[in-house]
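Protein chains in written order, with my numbering: chain A, 17 to 365; chain B, 17 to 365; chain C, 17 to 365; chain D, 17 to 365.
By construction, the Cβ of each residue, glycine as well, lies at the ideal position given by its N, Cα and C atoms.
Working notes, structure below.
There are 4 protein chains.
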Amino acid sequence: MLQRLMIRFNNDYNKGACPEILDAFSRTNTENYGGYGLDEWCEKGCQEIKKYLGGIDSDIHFLTGGTQTNYTLIAAALRPFQSVISADCAHIHGHETGAVENTGHKILIQKSTSGKLSASSVAKEAQTYKLSGIKEHITQPKLVFISFPSELGTVYSKSELEDLRRVCDEYGLYLYIDGARLGYGLGAEGGNVTMEDIARYADAFYIGGTKCGAFFGEALVLKNPELKMNFRSYMKQNGAMLAKGWLLGLQFYTLFKDGLYFSITRNAVIQAMKIKEAFKARGITLYAESPTNQQFAVLTKSRMDKLSEKYIFEYESDLGEGLHCVRFCTSWSTDAGDVDSLVKDISTL
Amino acid sequence: MLQRLMIRFNNDYNKGACPEILDAFSRTNTENYGGYGLDEWCEKGCQEIKKYLGGIDSDIHFLTGGTQTNYTLIAAALRPFQSVISADCAHIHGHETGAVENTGHKILIQKSTSGKLSASSVAKEAQTYKLSGIKEHITQPKLVFISFPSELGTVYSKSELEDLRRVCDEYGLYLYIDGARLGYGLGAEGGNVTMEDIARYADAFYIGGTKCGAFFGEALVLKNPELKMNFRSYMKQNGAMLAKGWLLGLQFYTLFKDGLYFSITRNAVIQAMKIKEAFKARGITLYAESPTNQQFAVLTKSRMDKLSEKYIFEYESDLGEGLHCVRFCTSWSTDAGDVDSLVKDISTL
Amino acid sequence: MLQRLMIRFNNDYNKGACPEILDAFSRTNTENYGGYGLDEWCEKGCQEIKKYLGGIDSDIHFLTGGTQTNYTLIAAALRPFQSVISADCAHIHGHETGAVENTGHKILIQKSTSGKLSASSVAKEAQTYKLSGIKEHITQPKLVFISFPSELGTVYSKSELEDLRRVCDEYGLYLYIDGARLGYGLGAEGGNVTMEDIARYADAFYIGGTKCGAFFGEALVLKNPELKMNFRSYMKQNGAMLAKGWLLGLQFYTLFKDGLYFSITRNAVIQAMKIKEAFKARGITLYAESPTNQQFAVLTKSRMDKLSEKYIFEYESDLGEGLHCVRFCTSWSTDAGDVDSLVKDISTL
Amino acid sequence: MLQRLMIRFNNDYNKGACPEILDAFSRTNTENYGGYGLDEWCEKGCQEIKKYLGGIDSDIHFLTGGTQTNYTLIAAALRPFQSVISADCAHIHGHETGAVENTGHKILIQKSTSGKLSASSVAKEAQTYKLSGIKEHITQPKLVFISFPSELGTVYSKSELEDLRRVCDEYGLYLYIDGARLGYGLGAEGGNVTMEDIARYADAFYIGGTKCGAFFGEALVLKNPELKMNFRSYMKQNGAMLAKGWLLGLQFYTLFKDGLYFSITRNAVIQAMKIKEAFKARGITLYAESPTNQQFAVLTKSRMDKLSEKYIFEYESDLGEGLHCVRFCTSWSTDAGDVDSLVKDISTL
């Protein structure tokens, strides 16, 4: 019971959904709909999203979670001898129980910088394959996986995305963007990447709902025609086709109809910036220079303990020499008052 | 827009959730919870369900859909050379896009009778393996899959379940029961199988939520200790671990706390019986003698067309000679007035 | 030791290789060659085989065994949601430990007639998919698997092959022919199908070496360009690329250079016909009307026991009413004297 | 044709088999044997190998190649959520086309030292899992893969093997040793590890035949009872059960009956030492300090070109600054005169 009184900054999926979505569930609860995503709300949800995609020709599908979306897309995209290129901190590498390998595909891990995968490391890996005299003894890199924002909350600049796109084009690679926190990335402090940019650079990407205001659900946008083919078959085969699919379409319709998705995530970033500034003001090192809703601070044990009395946050790693990396995460549901309280407490650490 | 005015008997997943669940979503929407099913509602949901399991020692996990639950359980249960025994009409065989085979396992198909798998056909298949002189050239049957109720709405009697259990024990097979419509099966007209019986006979089974009053979700009950090990790892690997897991626990808590699950599904069966009797009274053959919420009628084209003017129902198959099999399905959300209307229209066919 | 004195008609892989191949091994044993099938003998072996293919544009790869060849080809040919159509008696269904399912693909089983798959059953299955309103809930049939000769030793006529080809073209299916015993099939008594025909009808097929005079090895012929792509990668990934690949190329070169493959298998059929006639003359029913090297006879227990004193043959199944199906198999290594002995013993059963 | 006159030091699988094996093929070629490894030569081959295993209780199976053996063992050993720990230079990681991942399992890559995996890195990885609070989000390391000798020709000392064994015992990991070149490792210059040691430390290992005097084939020794169960089913399912299995048993019988395996590989090491000394004498750096049949030299382009006029060797990598790493490999078939010639040519580089 005590925990209820604690203030949660542990993650961005600790509350239900924004009120507009709850309201939409209420209003539609006695209506009948067709099953498996073949309904009017899915149709409307797609239409609203497409307004932000710059006119690309895309298929949009609604799935229930991020791991599911990642491995289903990858399973659909690759032939058995093909592999994925990702950063060492990629969610598919370290947080999804080997789901990608479980579908039969190798991940070629690259060293990341500030949580990001560089175009040059992708090019090097692709070039290694291209020049290899024993191609049949190694896997063919075919899909580049990045997250926007990254696992450290950092974001790729337009020019970094352009570089990745160029390398992908040069080597015939798919660029797939995991947007579990896409809203926070697009609302990054000082950022200038738009959803239209994401749509232009990626072959496929998903717009995270679970962490950005929905009860659950991710909207997968498929642009490359090769990736569109039979995708609903892959969804069903991988348990990713919700019987009451309209619940997903309805949520994304609600989030995108009036730009709610962007305002609630931008607000979370604004709150996160206050926390970031508080750490900086107190002379506390930030593990990464994140302009988004996740802030990674380097704390001593005693400071960590002090904050733990009132706040729930995520322990990341022991950095040695008495220092620890922890994550404070704001979200669409973060209360400004809670942030003010945290900021104050940081200032007196 | 016209379709909105039509009355849907096409399936049991065409409406949101029972009001009690919507209300629970509303009441908890501003609360914070731990992620991935490690929260108080999942704990409470399990406790409520366990009251109906006759004291067996079980692990209960909440997943988002039936296909996902089936293949995740099977992937966890079997080694690569082991296979599943199921009826020819089994959902995993004909409606899940080869999800089981996609995890690497063969399904050994048996001819069904009234939608059911007989203990004798299981025994014969198991015995064939046991006596085989070339065991390493064939798969080892290891898991028996049945649905309760079956795809034709029929239910296994206690003695049929006992027979299956005995054969499974004799040959070292797991008995797994797909309970997508478990509520309707337990509420079968004239039936006497209880959830306690299901728990006693099965090594694992799932309690369907999606088709029985929830927005979405299935509760998988694992009894056999071999099946319990590391199951959460399999869930995560297969995209079956919802980030906001409490939404599932909360729904099952609501359904089981006061027996709501049983009353709403029993009511659907009562409505279905009215439809069944109406067909019989009109001299219309029923494709199967179903005591549950699905009724399969044999109609001429003209009768089918007539009913199609007002009702949405599912076309099943062309039986030849001008006859067609169609399904009328009631559910937890079926309106008694709609049933009365249908009954009346059937009487004048 | 006793078994050594017994005469083996149990299968067609119970002896090493024809003397010409042993000799080729001896002559080349001190030579150096490139690895993994990139050597002069593989090149020459391909050239010799191509002389019999009617000028089609093909890639030929050498693998070590039939199960391996079947599942590697299927894994390379299909996307995860696609499936195989085969007869109920197909080797991939009942004798390869679920290898095809282990690669993730469902087999859609069809009732066979005389061991053969009919074009009409293929068409029906393909048409079911085509007309299905729920395509994403079922697998897409994409590859038709047949054996030539079949598991019962029967062969498809040219017109049956043409029918299969036409249906495959109509529905966009691959036709793949398992030719583990291709030599015996092409040498069928009264048959008129040539290897050129096989090459014309199939998208891919393999020429069995293991059962047709080689120590081991199968030559997989890929005609359809879609199946050729990156096939060596699939081979390596599936452990199907022999380090000393020239040993395979050399064997096929030896078998095809002067038509040895055809003469030794034709001779086996001639021997089998003597056995067939002997059974017929004695009034013993043949389980299938096989014009190839496998003869399936229906014997009483006492006759079976009598022949077991001197011969090793394969027990197939209990037919009930005191009758049993057994297989007598000749091969490239069958001794005419042994056949004469068997024929005589059959005549006095 | 020119290449025939070149002297091959490119690898250890460029010639057929040692004369004793060719002779054994000749002597047995007219005999009949049971199929699929159920024959007297497989039995005898096992018996001869077991004489070197120190009395451990083991099952021995004969497979056709290294990649096949590795992935079949791993597929049999692991459950879907379990992973492999290996060095970054491991054959399964960089030379087998993702075969392990193709069976669904992740490889957790560790930085190697001199081609070897350290017990401490294994312990660290296993400890990370053990301490993890999110076990279900990551794979469980379960099998440690090492090669003996390593890809750089180096060998683990007894104490290194003991350390690995101890860590495996502590964390419940399988230790699996890829012995593609086991003979050369056991015959390492200055080495003291015996096959008995390998059998004592490993849960499973394979004795390479392909690179150590056989035409083809590897003998997989299974010690841990968990790994023995149903292994023949895994072999068949993975195309790893040769129809004429006696060809494999016969080769291993021939290699182990009088210790031929050890003498021919030891001789190859003696030849390799001459080459190693020649490089050292000429002041040429060796990329690794290998006491076995593979020698990795660091050459300038001009020296590489000079040696290329007469010898075939394997190019490994561009080391930058005008230097290149190349491999000279001796084998059971290496001619002492060829080595003398190479030694002389190195001395005048």
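_Beta-ladder partner(s) of residue 234(C), from DSSP_ = Looking at the DSSP assignment, residue 234(C) forms a beta bridge with 79(C), 224(C).
*Where does residue 19(B) land, buried or exposed, given buried means 16+ other C-beta within 10 angstroms?*
With a pLDDT of 49 at residue 19(B), under the threshold of 50, the modelled position of that residue is not reliable, and no figure is offered here.
*Does the region 35-45 of chain A come within contact of the region 236-244 of chain A, defined as at least 3 CB pairs closer than 8 Å?*
no
*Residues in its own chain within less than 7 Å of residue 191(C) by CB, not counting five upstream and five downstream?*
160, 180, 181, 184, 217, 218, 219
*Put residue 363(A) into one of helix, strand or coil per three-state DSSP.*
Residue 363(A): helix per DSSP, three-state reduction.
*With DSSP as the reference, please indicate the residues paired to residue 330(C) in a beta bridge.*
343(C)
_Taking the alpha-carbon of residue 28(C) as reference, which of 345(C), 80(C), 354(C), 362(C) has the nearest alpha-carbon?_
345(C)
_Sequence-distant residues of the same chain with beta carbon closer than 7 Å to residue 17(B), five excluded per side_ = For residue 17(B), the predicted structure reports a pLDDT of 40, less than 50, and the residue's modelled location is therefore unreliable. A value from the coordinates is still provided. Here the set comprises nothing.
*Spell out whether any CB of chain B is found under 8 Å from the CB atom of residue 120(C).*
yes
_Span separating the alpha-carbon of residue 10(D) from that of residue 51(C)_ = What is shown of chain D runs 17 to 365, which leaves residue 10(D) out entirely.
*Can a CB atom of chain D be found closer than 8 Å to the CB of residue 157(B)?*
For residue 157(B), the nearest beta carbon of chain D is not closer than 8 Å to its own beta carbon.
*asked:* Just verifying my parser: in three-state terms, what is the DSSP assignment at residue 316(C)?
replied: strand
*asked:* Suppose you measure from the CA of residue 74(A) to the CA of residue 59(A); what does that come to, to the nearest Å?
replied: 13 Å
*Which bits of chain C does residue 376(D) rub up against, with CB to CB less than 8 Å?*
Nothing about residue 376(D) can be reported from this structure: the residues present for chain D run from 17 to 365 only.
*asked:* Let me check one thing: in DSSP terms, what residues is residue 255(D) bridge-paired to?
replied: Residue 255(D) is not bridged to any residue.
*Taking the runs of the beta strand (DSSP E) that are 3 residues or longer, which of them lie wholly in the region 173-205 of chain C?*
190-194
*asked:* What does the Cβ neighbour count give for residue 43(B), buried or exposed, with the cut at 16 atoms within 10 Å?
replied: It is exposed - the Cβ of residue 43(B) has fewer than 16 other Cβ atoms within 10 Å.
*asked:* Whole angstroms are fine: how far does the CA of residue 187(A) sit from the CA of residue 232(C)?
replied: 39 Å
*chain B contact for residue 220(A) (CB, 8 Å cutoff)*: no
*Taking Cβ to Cβ, would you say residue 130(B) is nearer than 8 Å to residue 168(B)?*
Yes, Cβ-Cβ distance for residue 130(B) and residue 168(B) is below 8 Å.
*asked:* I'd like to check one pair, residue 303(B) with residue 313(B): are the Cβ atoms closer than 8 Å?
replied: yes
*With 8 Å as the threshold, decide whether the Cβ of residue 152(C) is near any Cβ in chain B.*
yes
*Listed by chain order, chain B residues near residue 96(C) by CB distance under 7 Å*: 118
*Does the Cβ of residue 335(A) have 16 or more other Cβ atoms within 10 Å, making it buried, or fewer, making it exposed?*
exposed
_8 Å Cβ cutoff, residue 19(B) in contact with chain C_ = For residue 19(B), the predicted model reports a pLDDT of 49, less than 50, meaning its position is unreliable; a value from the coordinates is still stated below. No, residue 19(B) does not count as interfacial toward chain C.
*Helix, strand or coil: how does DSSP classify residue 31(B) here?*
coil
*Which term fits residue 63(B), buried or exposed, when burial requires 16 or more other beta carbons within 10 angstroms of its beta carbon?*
The residue is exposed, with fewer than 16 neighbouring Cβ atoms inside 10 Å.
*Taking residue 13(A) as part of the alpha helix (DSSP H), name the residues at either end of that continuous run.*
There is simply no residue 13(A) to check, as chain A begins at 17 and stops at 365 in what is shown.
_Restricting to Cα atoms, I'd like to know which of 206(D), 92(D), 80(D), 214(D) is closest to residue 195(D)._
The shortest C-alpha to C-alpha distance from residue 195(D) to any of 206(D), 92(D), 80(D), 214(D) is the one to 214(D).
*Taking only the alpha-carbon atoms, compute the straight-line gap between residue 310(A) and residue 93(C) and give it to the nearest angstrom.*
44 Å
_Using only CA atoms, which one of 162(A), 297(A), 251(A), 208(A) lies nearest to residue 79(A)?_
251(A)
*Taking residue 101(C) as part of the beta strand (DSSP E), name the residues at either end of that continuous run.*
98-103
*Count the other CB atoms, across all protein chains shown, that sit within 10 Å of the CB of residue 71(C); report buried if there are 16 or more and exposed otherwise.*
exposed
*Can you name the start and end residues of the beta strand (DSSP E) that residue 124(B) belongs to?*
123-126
*Closer than 7 Å at the beta carbon, the chain A residues around residue 99(D)*: 114
*Using a beta-carbon distance cut-off of less than 8 Å, what residues from the region 35-65 of chain D approach chain C?*
35, 38, 41, 42, 44, 45, 46, 47, 48, 49, 50, 51
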